[in-house]
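Data first, discussion second: the structure below is written as structure tokens.
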Amino acid sequence: MPPRASKRKATASQNSTSVTSADDSPTDKTKTKKTDRLDILFDSYANCSSGIIDPEGIEALCSDINVEHTDVRILMFAWKLKAQRQGYFTRDEWRCGMKALKVDSLSKLKKGLPELEKEVNTPGNFQDFYSYAFRYCLTEEKQKTVDIESVCELLNLVLGSQFQCKVDLLIEYLKIQSDYKAINLDQWMGFLRFCKEISFPDLENYDADLAWPLILDNFVDWMKEKRS
Amino acid sequence: MIDVVAWAVSIRIEAFKHRVVVDPKYADKTWKILEHAIHEIYNHNASGLSFEELYRNAYNMVLHKFGEKLYNGLVDTMTSHLREICKSIEAAQGDSFLEELNRKWNDHNKALQMIRDILMYMDRTYIPSTRKTPVHELGLNLWRDNIIHSSKIHIRLQNTLLELVHRERTGEVIDRGLMRNIVKMLMDLGCSVYQEDFEKPFLEVSAEFYRGESQKFIECCDCGDYLKKAEKRLNEEIERVTHYLDSKSEVKITNVVEKEMIANHMLRLVHMENSGLVNMLLDDKYEDLGRMYNLFRRVPNGLSTIREVMTSHLRETGKQLVTDAERLKDPVEFVQRLLDEKDKYDSIITNAFNNDKTFQNALNSSFEYFINLNARSPEFISLFVDDKLRKGLKGVSEEDVEVILDKVMMLFRYLQEKDVFEKYYKQHLAKRLLSGKTVSDDAERSLIVKLKTECGYQFTSKLEGMFTDMKTSQDTMHGFYASHLELGDARTLVVQVLTTGSWPTQPGVTCNLPAEMSALCEKFRSYYLGTHTGRRLSWQTNMGTADIKATFGKGGQKHELNVSTYQMCVLMLFNNAERLSYKEIEQATEIPAADLKRCLQSMACVKGKNVLRKEPMSKDIGEEDAFFVNDKFTSKFYKVKIGTVVAQKESEPEKQETRQRVEEDRKPQIEAAIVRIMKSRRVLDHNNIITEVTKQLQSRFLANPTEIKKRIESLIERDFLERDSVDRKLYRYLA
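Below you can see the structure in the form of structure tokens.
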């Protein structure tokens, strides 16, 4: 994809940050300075009329930091920002997220990505991130399920590195089964638990009497048939 | 001869009166007198003795401290006599052995009694204080030790007794009185004597005997005969005991017989080819079965063996019944056969198995098992009822009607999928009501009441609604004609207004009614809607019937035809046309193709009902076919029935459809049950939910655990439930 024309604009005239008064304490000053920078950065990608970063802006951001917008790290970034809507970042989300990452420039952001990855992969955070990844895909109001195709891609993206073999098999099954055309959050969370707890490829410790989602019962049956 | 009875009455203990010192010689002399007396007694010479004198002598000896001498002397004397007696018994030959023994025993007892009377003072004073054995007991012990346990007599006695028992068992007559006396002697000598010297060997020998006999019988007898023989032997032994053995031996000897003759051969008997349990069941051999029951209940696992074999036979037979393709062709026959089988086994259990409840339970569980093997059982039972209510119960008395309906209810209880039955029952009832073809309104209502008692109000509320609709429709018709007097007396139109929720759902189809009808129908419609605002009426043209008068040929045969609404629409077209093609008919009537083809087929291709003629004359209806009125139609009846509104066994696609509808109906029921349970329990684990839900729905159908799981997940998705974050087995109710 050809590099997009950067949307970064001249900053001076667009300086719309909070005005510094003489009474400001030094910390406030540094804070405001930081916020200024973040705002400037934000504005350089935001859509003028809506005031938020839209998919185009995200794509531009991605190319500027040299990461594919389909890379899992972008998803992690969205998680860190606690972005509510897929493909969009609001100013507040941007501010909070970037501050939490302790970065205020693109180069710092790029450097901070490995840190972010490590943070996400801690057991405490990963579950949250995993669940976020699903909910991030619920674009319509009252949508509760995500179609199989997207789920397969998402699984690969999010769990592929940790559980490649399991994920591949799971995706294979999801594509050929016909009981479910979409997956809900409960089933999605079940996948993670399954990968974490069940031994492969024997599936010895899978107890069908426990309350696993039915789709996983069927997956186990399919696996067993395949192997025999 | 001294009268022993008189002695017993006159004995009195004299109080100690005076001290007399006596010299040892006196003791010897006194003893000599007593010793002599004992001899005489044993020699049957007691008549010459004076009781008074002898008693006083014995008394004096004890008084003067010569009790020991007296006692020892007694022992010695008796012993020596017994030794003599022993020799004479030993000398007896053959049968007289026992007689001699018996005689001598009687003598001994009499002697002992007299001796005891004489020595009574010693018995009551010296003996207790020295803890020696009292006289009577001493006499018995001496007899035991010297006679019974003497080396020559001991074994001989045992063998003789056992020999006699054996002879009796092989059919000879023996002297029972003698036996009784001897056995009583052993009993009197002490429990252990009876047991050791007789009972134990008796039981051993009996066991051997019956072991041999049972082996012999089982090789050559069939089951029924064997059991007769076993019963006979058992009764013999019981009788033997009452006649000459200790009553405590009864249970011991019967145990031996039971073990050897029954328990050891139980399985072989039950499974005996051509005569075993299964054959008895098949041939209703009540007497043999009853005998088997009575004998087997005496041995461990006897009844459970019978029950198991009966159950597996029943299940096998039942399974064949319900899967036999031939039988499945006629549902009424199918159900009748089931009822017959139930009746058969009820009789067997009543007449032969003592109404044993465990057998009743086995019967019930077997029926439940195989009736549910065939998924069409609910449908067939409903068809059976339909047949009965249409014609089967014609002319049957009220009580008999109740009996048949109760039997149907009994089968109904065995069904696991009661909701499937409900669906079919509704369909069939609808057809019966609408065609007016029910034999007895009372019978219909009686069955509904029974279903309500069994399943609750919800099961039957819609069915009752159907009856109500029929009644209401009648009233509506009265009202309609009353307000349309211009129609005159001819009641050409009869409308039944059905409430949508109560009747089995039918796809709404209409067709073009002939002009003669449509005006009248419109009149009705406006009348009805006038009196019932806010309702919607839709004509169910696929469910109606019509009676039309037809004249065939020019001035030819006149008949009244009873046809379906569709058929009527088609036939009326021929009032205005000689020949009509399939396409023309289709266009004019707008009847759906499949129904139209069926309709035309029933009027053109069925012998005896061919009011129409078709070209070509093939069996199937082709799009290019042409139809004419069959001027040559004849029937010996004036009224001819052509329409088919009788409930039929469903075709394969119809069956699938019904099954699908049943499955769909089950989903909300399962969900309601889950929610109900979770609402009250708040938190519950997976397995328990499955169990509880199954239990709650059991009266309607057997819930599938996989289906329940699906419903739980659906409820999770809709935020009625959630999984517990810590314990993955638990579900939580979300208020």
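In the order they appear, the protein sequences are chains Z and X. Okay, so the first sequence: first residue is 1 according to the UniProt record's numbering, each after it adds one. Okay, so the second sequence: first residue is 1 according to the UniProt record's numbering, each after it adds one. Note that beta-carbon positions come from the ideal geometry of N, C-alpha and C, so glycine has one too.
Element boundaries [beta strand (DSSP E), containing residue i]
{"i": "Ala182 of chain Z", "result": "Ala182 to Asn184"}
{"i": "Leu580 of chain X", "result": "Arg579 to Ser581"}
{"i": "Leu721 of chain X", "result": "Leu721 to Arg723"}
{"i": "Val629 of chain X", "result": "Ala626 to Val629"}
{"i": "residue 737 of chain X", "result": "Shown here, chain X extends from 1 to 735; a query on residue 737 of chain X therefore has no answer."}
Cutoff 8 Å; reference residue i; Cβ partners in own chain excluding five residues on either side
{"i": "residue 265 of chain Z", "result": "For residue 265 of chain Z there is no data in the structure shown, the boundaries of chain Z being 1 and 228."}
{"i": "Asn125 of chain Z", "result": "Glu119"}
{"i": "Asn102 of chain X", "result": "Leu178, Asn181, Ile182 and Met185"}
{"i": "Tyr638 of chain X", "result": "Lys558, His559 and Glu560"}
{"i": "Lys259 of chain X", "result": "Ala207 and Val299"}
{"i": "Ser199 of chain Z", "result": "Asn205"}
{"i": "Glu586 of chain X", "result": "Ala593 and Leu596"}
{"i": "Val19 of chain Z", "result": "Confidence in Val19 of chain Z is poor, its pLDDT being 45 and thus under 50, which makes the residue's placement too unreliable to answer from."}
C-alpha gap between residue i and residue j, whole angstroms
{"i": "Lys25 of chain X", "j": "Ile89 of chain X", "result": "38 Å"}
{"i": "Asn294 of chain X", "j": "Thr242 of chain X", "result": "21 Å"}
{"i": "Ile148 of chain Z", "j": "Ser446 of chain X", "result": "55 Å"}
{"i": "Lys319 of chain X", "j": "Glu326 of chain X", "result": "14 Å"}
{"i": "Cys96 of chain Z", "j": "Ala182 of chain Z", "result": "33 Å"}
{"i": "Ser178 of chain Z", "j": "Glu368 of chain X", "result": "35 Å"}
{"i": "Leu216 of chain Z", "j": "Phe421 of chain X", "result": "34 Å"}
{"i": "Tyr527 of chain X", "j": "Leu537 of chain X", "result": "11 Å"}
{"i": "Ile153 of chain X", "j": "Glu196 of chain X", "result": "15 Å"}
{"i": "Leu49 of chain X", "j": "Trp31 of chain X", "result": "15 Å"}
{"i": "Lys80 of chain Z", "j": "Ala208 of chain Z", "result": "36 Å"}
{"i": "Ala58 of chain X", "j": "Met122 of chain X", "result": "7 Å"}
{"i": "Lys426 of chain X", "j": "Gly456 of chain X", "result": "16 Å"}
Any chain X beta carbon closer than 7 Å to residue i
{"i": "Asn184 of chain Z", "result": "yes"}
{"i": "Leu106 of chain Z", "result": "no"}
{"i": "Asp209 of chain Z", "result": "yes"}
{"i": "Lys144 of chain Z", "result": "yes"}
{"i": "Leu109 of chain Z", "result": "no"}
{"i": "Leu138 of chain Z", "result": "no"}
{"i": "Leu170 of chain Z", "result": "no"}
{"i": "Asp214 of chain Z", "result": "The question names Asp, but residue 214 of chain Z is Leu in the sequence shown. For Leu214 of chain Z, the answer is yes, since a Cβ of chain X falls inside 7 Å of its Cβ."}
Own chain residues within Cβ distance below 6 Å of residue i, not counting five before or after
{"i": "Asp469 of chain X", "result": "Leu498 and Thr499"}
{"i": "Arg661 of chain X", "result": "none"}
{"i": "Tyr136 of chain Z", "result": "Gln86"}
is_contact[residue i, chain Z] using C-beta, thresh 7 Å
{"i": "Ile716 of chain X", "result": "yes"}
{"i": "Glu713 of chain X", "result": "yes"}
{"i": "Asn687 of chain X", "result": "yes"}
{"i": "Val645 of chain X", "result": "Confidence at Val645 of chain X is low in this model, with a pLDDT of 47, below 50, so its placement is unreliable and the value that follows should be read with caution. No, no contact with chain Z."}
{"i": "Lys729 of chain X", "result": "yes"}
{"i": "residue 740 of chain X", "result": "In the structure as shown, chain X begins at 1 and stops at 735. Residue 740 of chain X is therefore absent and cannot be evaluated."}
Run of the alpha helix (DSSP H) containing residue i, from where it starts to where it stops
{"i": "Arg535 of chain X", "result": "Per DSSP, Arg535 of chain X belongs to no alpha helix (DSSP H) and is neither H nor E."}
{"i": "Asn364 of chain X", "result": "Lys357 to Ile371"}
{"i": "Lys418 of chain X", "result": "Lys418 to Ser435"}
{"i": "Asp217 of chain Z", "result": "Leu214 to Arg227"}
{"i": "Leu54 of chain X", "result": "Phe51 to Leu63"}
{"i": "Leu561 of chain X", "result": "Note, Leu561 of chain X: premise wrong, no alpha helix (DSSP H); beta strand (DSSP E) at Lys558 to Ser564."}
{"i": "Ile198 of chain Z", "result": "That residue, Ile198 of chain Z, is in no alpha helix (DSSP H); it is neither H nor E in DSSP."}
Contacting residues, own chain, Cβ-Cβ under 7 Å from residue i (five flanking each side not counted)
{"i": "Thr133 of chain X", "result": "Asn141"}
{"i": "Asn156 of chain Z", "result": "Val167 and Ile171"}
{"i": "Ala546 of chain X", "result": "Val563, Thr565 and Met568"}
{"i": "Glu578 of chain X", "result": "Phe628"}
{"i": "residue 739 of chain X", "result": "Coverage of chain X is limited to positions 1 through 735, which leaves residue 739 of chain X absent and any answer about it impossible."}
Closest Cα partner of residue i within the set the options
{"i": "Glu140 of chain Z", "options": "Z:Gly87, Z:Ser49 and Z:Ala211", "result": "Z:Gly87"}
{"i": "Gly544 of chain X", "options": "X:Gly501, X:Leu162, X:Leu433 and X:Thr531", "result": "X:Leu433"}
{"i": "Gln549 of chain X", "options": "X:Thr541, X:Asn562 and X:Phe217", "result": "The identity of residue 549 of chain X in the sequence shown is Lys, whereas the question assumes Gln. It is X:Asn562."}
{"i": "Ser651 of chain X", "options": "X:Asn60, X:Phe380 and X:Arg240", "result": "X:Phe380"}
{"i": "Ala133 of chain Z", "options": "Z:Val103, Z:Arg85 and Z:Lys142", "result": "Z:Arg85"}
{"i": "Leu154 of chain Z", "options": "Z:Leu192, Z:Tyr180 and Z:Asn121", "result": "Z:Leu192"}
{"i": "Asn218 of chain Z", "options": "Z:Lys110, Z:Lys111 and Z:Leu174", "result": "Z:Leu174"}
Residue i Cβ short of 6 Å to the ligand MN heavy atom set
{"i": "Gln587 of chain X", "result": "Among the components modelled here there is no ligand, and therefore nothing to report on the ligand MN."}
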